[in-house]
Every structure is written in structure tokens, then in C-alpha cells.
């Protein structure tokens, strides 16, 4: 199995994504605008490139 061959065969693509300089700064507002009382949860797919970028992760507005 290679890095790209994960064994997952069926995947539904992400509905929205953002790329480019400064794009992370608007993610929290985008996600919060979609939260409702009945559906307050969100799933973040974060590339391993950002795994040690505490400032980026903190800017996402994640709630525990």
C-alpha cells in the first residue's frame, strides 16, 4: 500500500474548500454561518502540512 493507496474505495467529495493566501482566515466565519441549533457540529479536514501550525488551527474557531 502506498501513501495514496489507503484502501478506501468510495468517497464523497468535500462540499466546499478554500485555497490561496489568507484563505484560512475566513474559514471560522464560513463554518459558523452554517451551524444551527439542531446541527452545531462541523468536520475539518486539515492537511498534514498544518499539523504543527497552532496559529492556523486556533484560527478555525473550533468548539469542543
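Numbering (our numbering), first residue to last: 53 to 116. We treat Cβ as the ideally placed atom computed from N, Cα and C, and that holds for glycine.
Shown here, residue 112 sits in coil according to DSSP, grouped into three states, outside any helix or strand. When only Cα atoms are considered, residue 96 and residue 67 end up about 12 Å apart.
Residue 94 sits close to residue 86, with the two beta carbons spaced by under 9 Å.
Collapsing the DSSP output to three states places residue 81 in a helix. The beta carbons of residue 83 and residue 112 sit closer together than 9 Å.
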